[in-house]
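Novice: Each residue of the sequence shown is one higher than the one before, starting from 1049 at the first, in my numbering.
Sharing a structure, written as structure tokens. Questions coming.
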Amino acid sequence: MDIQFDQQHIWHPYTSAVNPLPCYPVSHAEGVHIYLDNGTKLVDGMSSWWAAIHGYNHPELNKAAKAQLEKVSHVMFGGLTHEPAIQLCKTLVEWSPEGLERVFLADSGSVAVEVAMKMAVQYWACQGSSNKYKFIAPRNGYHGDTFAAMSVCDPVNGMHTLFQNVLPKQIFAPAPQTRFGALWNEDEMLELDELLQRHHHEVAAVILEPVVQGAGGMRFYHPNYLKRCRQLCDQYNVLLIADEIATGFGRSGELFACDHADISPDIMCLGKAITGGYMTLAATLCTEDVAMGVCQGDPGVFMHGPTFMGNPLACSVANASMALLETGQWRSQVQSIESQLREELAVCKALDNVADVRVLGAIGVVETKQAYDVGTLQKHFIQQGAWIRPFGKLIYLMPPYVIEKEQLSILTQAIFNTLKQMS
Ligand SMILES: *Cc1c(COP(=O)(O)O)cnc(C)c1O
């Protein structure tokens, strides 16, 4: 592989183009293993960023892609429709929290968030409240890298100062405080309540990641926060957008993180694991009320239509992924990953360079006291057969659900050994 060309011409995510972090060439992947060009076999601790929940090169997903390839890879969704999209949307409506009835298929998570935010603004505008166009977001959130999505990401992590002249100014609430599993403290809602009281007349929606804040800090918070957000949004006549792009399809231990609080948002974004990590696809679901609101009056339509909207190949693979989820096996798999992560990461707590260890569902996080160089950590992990990509002070695991006990131990051991060596 021409690594030199890669280094000199190809951007990789979140690294310098001129002085990039090392990049490892992959030849193929199978199950929970990623194989490097030089024959190195790595256990995947990342599921390719929350996506590859069933592992790589899965026979059922492969079969679905191949079968669809023989029929039609893509047709425009304007004026045409097809079975893969219909079947997928049926499943999403059926599985998602009560009341979410309408599905907009988007081509990536960030676009799904843009669509959700546009829907919320148009919903109010079409009802004569065109002053309701701002968003309230808790700090430490992450919603994607496009402009509107970026505007509701944590203002510090999201580097808002860099883009302050272009980003719409949103309203930030304190990050949820009570941890998942801890004793709920109602006082933490006071500030959000106050913000809503003061700003509801100009706010279209509260947007948040339910229960698990992902790339903005890997924090797990009390479901009561979500419940109370739902109540406050109703009280102040503001929509609630749940960004389930990372949490959707079982990762947190429930099919959707909203299920921990038994609430329904007005708008919900899905992505990442939706095709089992095969292709880019996302969806924005909304209630009948939101759809009606958006489409009443002028212009009467929602002005958004990605070229690859409802891509049949992606929908077919998503349907195969849904079929695997439908067996319900994911639930026990995620449960056993959770207990093994709790057991095996606990030893890291004793290291003096570790600030915190936390686990929820098939997500394990070790937070260090100082940020280590990603390249250095990664080299250590790879020597131990583990593919783990930390960011900042966060070393975290979110393996494919199909991972076996010994394979998961390779990952937890790699984290412990590496941190021990560095302490
Ligand atoms: C990854 C992610 C996004 C953005 O999705 P992309 O497909 O990368 O655009 C949005 N929200 C959350 C919560 C995410 O984890």
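A virtual CB, placed ideally from N, CA and C, is assigned to each residue, including glycine.
Treat the numbers as computed from the prediction; the structure is a model and nothing was measured.
For a quick check, are the C-beta atoms of residue 1443 and residue 1467 less than 9 Å apart?
Specialist: Within the sequence shown, numbered from 1, the residue matching residue 1443 stands at position 395. Within the sequence shown, numbered from 1, the residue matching residue 1467 stands at position 419. Closer than 9 Å, so yes.
Novice: Please indicate yes or no: does the CB of residue 1262 lie closer than 8 Å to some heavy atom of ligand 1?
Specialist: Position 214 of the sequence shown, counted from the first residue, corresponds to residue 1262. At least one heavy atom of ligand 1 is nearer than 8 Å to the Cβ of residue 1262, so yes.
Novice: Does any heavy atom of ligand 1 sit closer than 8 Å to the C-beta of residue 1328?
Specialist: On the sequence shown, residue 1328 is found 280 positions in, with the first residue counted as 1. Yes, Cβ of residue 1328 sits closer than 8 Å to a heavy atom of ligand 1.
Novice: What is the DSSP secondary structure of residue 1303, counted as helix, strand or coil?
Specialist: Taking the sequence shown and counting its residues from 1, one reaches residue 1303 at position 255. Looking at residue 1303 - three-state DSSP - the assignment turns out to be coil, as it is neither helix nor strand.
Novice: Report yes if the C-beta of residue 1250 is less than 8 Å from at least one heavy atom of ligand 1; otherwise report no.
Specialist: As a first step, residue 1250 is located in the sequence shown; it is residue number 202 there, counting from the start. Incorrect: residue 1250 has no Cβ contact closer than 8 Å to ligand 1.
Novice: Report the residue from 1188, 1169 and 1185 whose alpha carbon sits nearest the alpha carbon of residue 1179.
Specialist: As a position in the sequence shown, residue 1179 is number 131, starting the count at 1. Nearest of 1188, 1169 and 1185 to residue 1179, Cα basis: 1169.
Novice: Flag this pair as touching only if the segment 1198-1206 and the segment 1367-1387 have three or more C-beta atom pairs under 8 Å; answer yes or no.
Specialist: no
Novice: Would you list, in sequence order, the uninterrupted beta strand (DSSP E) runs of no fewer than 3 residues that lie entirely inside the segment 1053-1081?
Specialist: If we require 3 residues or more, the beta strand (DSSP E) runs fully inside the segment 1053-1081 come out as 1074-1078.
Novice: Does DSSP put residue 1182 in a helix, in a strand, or in coil?
Specialist: Position 134 of the sequence shown, counted from the start, is the residue given in the question as residue 1182. In the structure shown, residue 1182 sits in a strand (DSSP, three-state: E or B).
Novice: Return the chain-ordered list of same chain residues with a C-beta closer than 8 Å to the C-beta of residue 1063, the five sequence neighbours on each side being excluded.
Specialist: Here the question's residue 1063 lines up with position 15 in the sequence shown. In chain order, 1069 place their CB closer than 8 Å to the CB of residue 1063, counting only its own chain and leaving out the 5 sequence neighbours on each side.
Novice: Using DSSP with H/G/I as helix, E/B as strand and the rest coil, what is residue 1227?
Specialist: Here residue 1227 refers to the residue found at position 179 of the sequence shown. In the three-state reduction of the DSSP assignment, residue 1227 falls in the strand class.
Novice: To the nearest angstrom, how far is the alpha carbon of residue 1397 from that of residue 1138?
Specialist: The residue you call residue 1397 lines up with position 349 of the sequence shown. The residue you call residue 1138 lines up with position 90 of the sequence shown. The alpha-carbon atoms of residue 1397 and residue 1138 are separated by roughly 44 Å.
Novice: Can you list, in chain order, the residues of its chain with a C-beta nearer than 6 Å to that of residue 1160? Leave out the 5 residues immediately preceding and following it.
Specialist: For the purposes of this step, residue 1160 is taken as residue 112 along the sequence shown, with counting starting at 1. Contacts found: 1154, 1317, 1319, 1330 and 1332.
Novice: Look at residue 1312 and residue 1084 and say whether their C-beta atoms are less than 9 Å apart.
Specialist: Taking the first residue of the sequence shown as position 1, residue 1312 is located at position 264. Taking the first residue of the sequence shown as position 1, residue 1084 is located at position 36. No, Cβ-Cβ distance for residue 1312 and residue 1084 is not below 9 Å.
Novice: Once you ignore the five residues that flank residue 1334 on each side, which residues in its own chain have a CB closer than 7 Å to its CB?
Specialist: Sequence index remark: in the sequence shown, residue 1334 carries index 286 (1-based). These residues qualify, in order along the chain: 1148, 1150, 1167, 1314 and 1315.
Novice: What's the call for residue 1102, buried or exposed, on a 16-neighbour Cβ count within 10 Å?
Specialist: Taking the sequence shown and counting its residues from 1, the one referred to as residue 1102 is at position 54. Residue 1102 comes out buried.
Novice: Residues bridged to residue 1089 by DSSP?
Specialist: Taking the sequence shown and counting its residues from 1, the one referred to as residue 1089 is at position 41. Residue 1089 pairs with 1083.
Novice: Nearest to residue 1268 by alpha carbon, out of 1413, 1471, 1162 and 1429?
Specialist: Stepping through the sequence shown from its first residue, residue 1268 is reached at position 220. Minimum Cα distance to residue 1268 is reached at 1413.
Novice: Is the segment 1184-1202 in contact with the segment 1363-1373, if contact means three or more CB pairs nearer than 8 Å?
Specialist: no
Novice: If I follow the unbroken beta strand (DSSP E) through residue 1317, where does it start and stop?
Specialist: Working through the sequence shown from its first residue, we reach residue 1317 at position 269. It spans 1315-1318 - the beta strand (DSSP E) in which residue 1317 sits, taken as one unbroken run.
Novice: Taking 8 Å as the cut-off, is the beta-carbon of residue 1217 closer than that to any non-hydrogen atom of ligand 1?
Specialist: If you number the sequence shown from 1, residue 1217 lands on position 169. Not under cutoff, so the answer is no.
Novice: Expressed to the nearest angstrom, what Euclidean distance is found between the alpha-carbon atoms of residue 1098 and residue 1399?
Specialist: Within the sequence shown, residue 1098 is the residue found at index 50, counting from 1. Within the sequence shown, residue 1399 is the residue found at index 351, counting from 1. Cα to Cα, residue 1098 sits roughly 27 Å from residue 1399.
Novice: Just how far apart, CA to CA, sit residue 1429 and residue 1050?
Specialist: Residue 1429 sits at position 381 when you count from the first residue of the sequence shown. Residue 1050 sits at position 2 when you count from the first residue of the sequence shown. About 24 Å.
Novice: Of the choices 1321, 1057, 1288 and 1135, whose alpha-carbon is the least far from that of residue 1303?
Specialist: Sequence index remark: in the sequence shown, residue 1303 carries index 255 (1-based). Of the candidates 1321, 1057, 1288 and 1135, the one whose C-alpha sits nearest the C-alpha of residue 1303 is 1321.
Novice: At a cut-off of 8 Å, would you count residue 1158 as near ligand 1, judging by its Cβ distance to the nearest heavy atom?
Specialist: As a working mapping, residue 1158 is identified with position 110 in the sequence shown. The answer is yes for residue 1158.
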